[in-house]
Amino acid sequence: MAWGGIKRMLSNLVRPSNRRTYDRLSVDSQVQLSCGDVLVSCRIADVSAGGAFLVPDPDLPIGTEGVLRLPGAPVAAAVRIVRRTENGVGVEFLRDGVGAIVAGWVRAVSGTGAGARDDAAHTPT
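The sequence shown begins at 33 in this note's numbering and counts up one residue at a time.
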């Protein structure tokens, strides 16, 4: 077995397949992402204290930083695009604690409860 295969096997033994730090909630809420002079309307499909998944794909490069705003919410969250799929983009929240506020607000606005936890909807953020 090649070293890469051994490394993968050992890695899977010491950590679970879902490496998320925070639980994810499936939601559906309108948001605006502003990156410099670009303003994109999209929806949050899932959210956690660490990040969110936005649909449709705002067509911005990985590494782009911006501000996520929720209509009617008293908070704006600094984010960075960290991954892209065919369905959308994953963003991470850049300040500790802001993600929990966004997750709570979006959950309240979208009408989803604590039972809406979703560990398998998208690849890890």
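Here a beta-carbon is modelled for each residue, glycine too, at the ideal position from N, C-alpha and C.
9 Å Cβ cutoff met for A15 and V138: The chain is shown from 33 up to 157; residue 15 falls before or after that span and cannot be answered.
Beta carbon of L57 nearer than 9 Å to that of E97: The residue given as residue 57 occupies position 25 in the sequence shown. The residue given as residue 97 occupies position 65 in the sequence shown. No, Cβ-Cβ distance for L57 and E97 is not below 9 Å.
Burial state of V134, where buried means 16 or more other Cβ atoms lie within 10 Å: Translated into positions along the sequence shown, residue 134 becomes position 102. Buried, by the Cβ-count rule.
Residues near A140 in its chain [Cβ-Cβ closer than 8 Å; skip 5 each side]: Translated into the one-based positions of the sequence shown, residue 140 becomes position 108. Cβ neighbours of A140 beyond the five flanking positions: none.
Option in V107, T117, A77, V59 with minimal Cα separation from P93: The count along the sequence shown starts at 1 and reaches residue 93 at position 61. Closest option to P93, Cα to Cα, is T117.
Assigned secondary structure, V107 (DSSP; H/G/I helix, E/B strand, else coil): Taking the first residue of the sequence shown as position 1, residue 107 is located at position 75. Correct three-state label for V107: coil.
Sheet register partners of S73 (DSSP bridge): For the purposes of this step, residue 73 is identified with residue 41 of the sequence shown, where counting begins at 1. Bridge partners of S73: Q64.
Alpha-carbon to alpha-carbon, V63 and L102: Indexing the sequence shown from 1 puts residue 102 at position 70. Indexing the sequence shown from 1 puts residue 63 at position 31. Each residue's Cα considered, the two are about 5 Å apart.
A140 - DSSP class collapsed to helix/strand/coil: Numbered from 1 along the sequence shown, position 108 holds the residue referred to as residue 140. Of the three classes helix, strand and coil, the one that applies to A140 here is helix, per DSSP.
Element boundaries [beta strand (DSSP E), containing T101]: Here residue 101 refers to the residue found at position 69 of the sequence shown. What sits at residue 101 in the sequence shown is Arg, not Thr. Where R101 is concerned, the enclosing beta strand (DSSP E) stretches over 97-101.
For V121 and V70, the rounded distance between their alpha carbons: By 1-based counting over the sequence shown, the position of residue 70 is 38. By 1-based counting over the sequence shown, the position of residue 121 is 89. Using only the alpha carbons, I get a separation of about 16 Å.
D55, buried or exposed, once every other Cβ within 10 Å from all chains shown has been counted against 16: As a first step, residue 55 must be located in the sequence shown, where it is residue number 23. So D55 ends up on the exposed side.
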